[in-house]
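These notes concern the structure reproduced below.
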Amino acid sequence: MEYNFKAIEQKWQKQWVDNKTYKVEIDKNRPKFYVLDMFPYPSGAGLHVGHPLGYIASDIYSRFKRSNGFNVLHPMGYDAYGLPAEQYAIQTGQHPQITTDTNLKRYREQLDKIGFCYDWDREIRTCDPEYYHWTQWAFIQMFNSYYCNQAKKAAPITELVEAFNAVGTQGLDVACTEELEFTADEWKAKSETEQQEILLNYRLAYLADTMVNWCPALGTVLANDEVKEGISVRGGHPVEQKVMRQWLLRVSAYSERLLEGLDKVDWSDSLKEIQRNWIGKSEGAQMKFKVKDSDIVMDIFTTRADTVFGVTFMVLAPESDLTPLLTQPEQKEAVDAYIQQTKKRTERERQAEVDKVTGVFTGSYAINPLSGEEVPIWVGDYVLAGYGTGAVMAVPGHDSRDFKFARQFNLPIVQVVIPEGEEATDPATWEDSKDSKAGTVINSDFLNGLSVPEAIAKTKEYIREKKVGDVKVNYRLRDAIFSRQRYWGEPFPVYYKDNLPQMVDEADLPVQLPEIDKFLPTEQGEPPLGRAKNWVYKDAYPLELNTMPGFAGSSAYYLRYMDPKNDTALVGKEANEYWQDVDLYIGGTEHATGHLIYSRFWNKFLYDLGYVVKEEPYKKLINQGMIQGRSNFVYRINGTNKFVSLNLKDQYETTAIHVDVNIVSNDVLDTEKFKNWNPEYKNAEFILEDGKYVCGWAVEKMSKSMFNVVNPDDIIEDFGADTLRLYEMFLGPLEQSKPWDTNGIDGVHKFLRKTWRLFLNANEEFEISEEKATKDELKVLHKTIKKITEDIEKFSFNTCVSAFMICVNELGSLKCNKLEILDPLTVLLAPFAPHLAEELWSLLGHENTVCDAQWPEFVASHLVESTFSYPVSFNGKMRFKLEMPVDAPNNEIEEAVRNHQSSQKWLEGKTVRKIIIVPKKIINVVVG
RNA sequence: GCUCGAGUGGUGGAAUUGGUAGACACGCAAGACUUAAAAUCUUGUGUCCAUUAGGACGUGCGGGUUCAAGUCCCGCCUCGAGUACCA
């Protein structure tokens with residue numbers, strides 16, 4: 001009986017489907033456990049061997065939990081809306097739904113072959129109207145809500161309207177785009193249109209003219225996390241800044257709670273750190289600088305209130321509302337020219353030319369609220385409109401950007417802080433500003449002599465007393481732009497009446513994506529939905545032409561899995577109360593500043609409104625590492641069709657060429673396959689070493705162009721799914737990036753065959769002994785139970801695999817085929833190699849699935865030994881071993897060491913200063 | 001620049017609270033079985049010295065703490081990730 005993995009895997013995959021082995025229902029008699037993978041976007045390329053890594057890990061953990069008595073929810077679905085399908089549609093005219101369905105089918109086939117324990121009855125697709133019904137529903141709730149800073153939660157916008165009617169904005173402390181002030185009477189006097197326009201300032205989903213990241217090549221706006229270094233993450237196209245009227249989600253309202261929540265979840269420190277940086281909390285002071293000969297007051301934010309006496313000028317962002325107001329007639333031309341010039345630069349250019357200092361004087365002066373001094377107001381593009389107030393007080397002595405600006409335009413520089421261990425010097429001699437926060441304040445009136453932190457505190461106190469400012473916390477986190485000028489996304493549940501946005505009745509949801517003839521913008525430059533016929537609501541009102549961004553559908557999907565067929569709610573109360581939250585979430589770190597922020601925001605919002613029971617959606621999160629490619633190279637002698645083997649290449653002028661890793665084995669090229677691989681190489685000649693052509697190699701990203709893509713289907717064809725699963729885990733720690741190298745796969749495949757053979761007799765027939773297990777056999781088993789159980793809990797799956805190998809090697813040498821040992825071993829192995837385990841489990845005579853077998857219990861007494869083999873070291877260097885009874889008293893051990901024959905050499909002519917005995921660990925003799 | 005993480009054989013990687021560095025594999029070498037190959041099995045495999053016995057050196061570099069350091073502390077170097085005129 002050979003280990004016929006193909007037959008075994010096909011058989012059990014069919015049985016699992018037929019028996020609905022992985023179907024999950026609420027079961028209040030068992031504790032729940034929710035394991036979630038970040039669902040994939042089904043791209044046209046299908047899965048490569050790197051994709052399933054996290055899925056395999058979560059699958060192992062799910063099966064482990066099930067064996068330990070948990071009711072495990074482990075669903076899967078697809079993030080089906082996205083740019084690639086739409087771009088393909090633009091190129092070919094093929095409807096993105098068709099592309100998506102094809103890709104999805106391919107994904108499903110590939111996933112099925114790996115033997116995952118997903119409950120496919122719960123599958124969701126974000127492009128399914130049944131699903132995006134609830135994405136639209138959530139949007140409506142956000143539109144109808146505002147965020148109260150005092151209660152620290154979202155509340156219905158109707159409450160805010162009541163407050164406006166009663167007292168206007170008096171005592172108002174809510175999240176908003178702009179601080180507004182009006183009385184109840186003023187509010188009531190406003191027209192409906194004016195009132196609606198004002199409410200947009202407070203809604204959690206709101207429409208606003210805003211500076212957006214516009215990507216001309218993609219014809220759409222992008223969120224901040226979709227842009228890296230001025231380039232779109234998808235496609236790599238340049239991005240520019242542009243003002244557009246767009247939907248936004250007021251994510252910034254939740255900044256503090258998103259930050260605090262990180263302390264309550266079990267995520268890796270690095271991921272938490274990324275989110276903390278992205279939220280970017282900074283505490284400081286907001287201060288008012290009056291403008292000379294004007295009623296205008298400049299608000300500025302600073303974290304260095306201690307340096308106010310060092311302010312020698314002010315700088316406004318070019319886009320600031322104040323810029324035109326403060327520009328004096330004689331400077332108007334220069335300022336306008338400057339603004340035009342900065343507008344022309346793309347975000348990318350601005351970032352690339354960070355060192356280039358530009359700016360222009362407005363002609364106005366501001367009055368320092370502490371010193372009363374007058375300082376010039378400049379415009380400079382190093383000040384960002386979107387952060388703080390879009391204006392800064394410049395302290396060139398103690399801020400390097402202000403310093404550069406001052407030097408460029410010959411503005412004065414004053415020293416107000418002496419860094420620790422330095423003396424006051426003439427700023428004219430400085431190379432750079434002195435930014436250190438450890439030092440003593442000088443030239444600053446009542447702050448003189450204080451340390452920096454003391455001076456910050458005192459200044460804050462002073463400005464509050466004199467009402468020239470206040471303590472203020474700023475966040476870097478911006479509101480999320482929620483409109484995309486695309487076709488293949490969720491339509492908004494929004495229509496326009498008198499140009500004002502209105503929400504579609506919840507009863508009319510979902511608003512289905514209409515059919516259109518072409519997937520391009522209209523001739524008038526409207527988004528693709530502008531092409532839809534009858535794209536109106538209630539026969540009269542035009543519907544929104546934008547669609548929602550990629551992160552919309554993934555923000556609450558984990559809730560939908562709990563209750564995927566519910567047509568009256570996103571998730572029913574009973575299901576939500578049972579499943580609660582995700583206990584284990586596995587996915588890539590690339591979602592740190594996108595999906596994982598939006599999803600937490602979305603969930604907190606639903607929590608505030610009482611729709612869900614948990615404030616944080618993902619209790620524990622693990623980022624699986626990237627599997628990189630391992631590329632192979634051949635070396636062509638320049639100008640010839642001759643290829644030289646790796647270690648001889650230095651004798652020639654060569655060019656390295658990527659070669660398909662699938663025609664290379666252990667870095668040795670199959671030269672015949674190489675000739676057929678590409679017509680160009682049909683007549684290739686080779687210079688061999690030891691009769692072989694050895695290729696070079698390098699670790700690179702796995703991609704088609706590097707010819708290093710390895711497909712899981714091919715691996716499964718050659719070695720089986722269980723081998724693939726085991727090998728992916730054996731490759732290294734889950735969270736670490738590592739290269740895929742098919743070469744090592746033989747090791748785990750051999751291990752599975754060895755395991756199989758444990759159950760066979762000399763005639764290759766299945767035969768199991770009912771005999772009682774020996775002490776040694778039990779020791780091997782229980783050592784393994786302990787190790788596997790502990791390591792699964794630590795997500796250390798690579799060491800699990802090696803523990804299995806050790807176990808099977810040892811049982812092999814003990815020639816153990818006893819039921820008492822192999823039965824529990826099968827259960828241990830089941831999460832890792834479920835097909836093989838099912839087959840063995842049924843051969844062992846069990847009728848149920850091994851998934852429901854009880855996890856073996858570790859019995860410590862099987863590991864107890866009567867003696868311990870001590871490593872004996874002299875001055876820390878291990879020299880020999882000494883077998884002693886475990887309960888031997890120290891003086892006996894000492895004596896045994898002193899008298900041991902091997903000790904004499906190390907003791908000769910030396911005195912023993914000390915003997916350290918660590919029970920059951922080590923003996924160290926200190927000599928000298 | 002700032003923040004975080006990582007540097008261990010030819011390769012992937014092991015190593016509780018500091019306690020035998022290199023587990024488990026791959027690869028390589030030698031051998032057994034075979035007409036041959038594949039498969040399987042056995043042995044060896046950090047580097048250097050030594051015929052052996054054995055010894056010296058070894059976890060990026062330099063210091064330190066300790067009976068004992070891959071592990072802790074200080075200072076560097078290199079690589080990776082995130083982020084960036086954030087006031």
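Here the first sequence stands for residues 1 to 928, numbered as in full-length UniProt numbering. Each residue gets a CB set at the ideal place from its N, CA and C atoms; glycine is no exception. These numbers were taken from a predicted model, which means no experiment stands behind them.
Integer Cβ distance of residue i from residue j, believed to fall under 8 Å
i: G530; j: L543; result: Their Cβ separation, rounded to whole angstroms, is 11 Å, which puts G530 and L543 out of contact at 8 Å.
i: S320; j: A385; result: 6 Å
i: T210; j: V243; result: 7 Å
i: V265; j: Y618; result: 7 Å
i: G168; j: W187; result: 6 Å
Residues that residue i bridges to, as DSSP identifies them
i: W756; result: According to DSSP, which records beta bridges pairwise, W756 is partnered with nothing at all.
i: P376; result: Y365
i: D209; result: R245
i: Q628; result: P739
i: C695; result: None; C695 has no bridge partner.
i: D266; result: K620
i: I687; result: V644
i: C215; result: T220
i: G439; result: P419
Rounded straight-line distance, which links the Cα of residue j to that of residue i
i: W535; j: D505; result: 16 Å
i: R630; j: V251; result: 41 Å
i: M626; j: S268; result: 16 Å
i: E431; j: I413; result: 12 Å
i: Q408; j: R401; result: 11 Å
i: D690; j: V668; result: 11 Å
i: V233; j: L111; result: 27 Å
i: F686; j: T671; result: 8 Å
i: L752; j: E717; result: 16 Å
i: H595; j: L271; result: 13 Å
i: T177; j: E700; result: 45 Å
i: F719; j: H749; result: 7 Å
i: F795; j: V886; result: 33 Å
i: Y537; j: V511; result: 9 Å
i: S861; j: K779; result: 9 Å
i: residue 956; j: K920; result: Nothing can be reported for residue 956, as the shown portion of the chain is limited to 1 through 928.
i: R478; j: Y22; result: 42 Å
i: K772; j: C816; result: 11 Å
i: P75; j: Y561; result: 7 Å
i: L199; j: N144; result: 10 Å
i: P679; j: Q341; result: 53 Å
Distance CB(residue i)-CB(residue j) smaller than 8 Å
i: G115; j: E2; result: no
i: W677; j: F633; result: no
i: V416; j: G397; result: yes
i: P213; j: V239; result: First, the amino acid is wrong: residue 213 is Asn here, not Pro. Closer than 8 Å, so yes.
i: I442; j: I418; result: yes
i: L726; j: A480; result: no
i: Q246; j: S483; result: yes
i: P824; j: P856; result: yes
i: L758; j: V808; result: yes
i: G587; j: G82; result: no
i: R125; j: Y78; result: yes
i: A830; j: A803; result: no
i: M298; j: L204; result: no
i: M548; j: F492; result: yes
i: K437; j: F301; result: no
Closer than 7 Å: residue i CB and nearest the ligand NAD heavy atom
i: I792; result: As presented, the structure is devoid of all ligands, the ligand NAD included, so that no description of it is given.
Whole alpha helix (DSSP H) elements within the segment 566-626, 4-residue minimum = 573-579, 595-608
Hey, which unbroken runs of the beta strand (DSSP E) at 3 residues or more fall wholly within the segment 277-326?
-> 282-291, 297-302, 313-316
Runs of alpha helix (DSSP H) lying entirely within the segment 446-526, each at least 4 residues, in chain order = For the segment 446-526, whole alpha helix (DSSP H) runs of length 4 or above, ordered along the chain, are 452-465.
Entirely enclosed alpha helix (DSSP H) segments - the UniProt domain "Aminoacyl-tRNA synthetase class Ia" (11-153), minimum 4 residues = Contiguous alpha helix (DSSP H) elements confined to the UniProt domain "Aminoacyl-tRNA synthetase class Ia" (11-153) occur at 52-67, 83-92, 96-114, 129-143, taking only those with 4 or more residues.
Kindly provide the ranges of any beta strand (DSSP E) runs that are 3 or more residues long and lie completely inside the segment 836-911, ordered along the chain.
-> 867-874, 877-885
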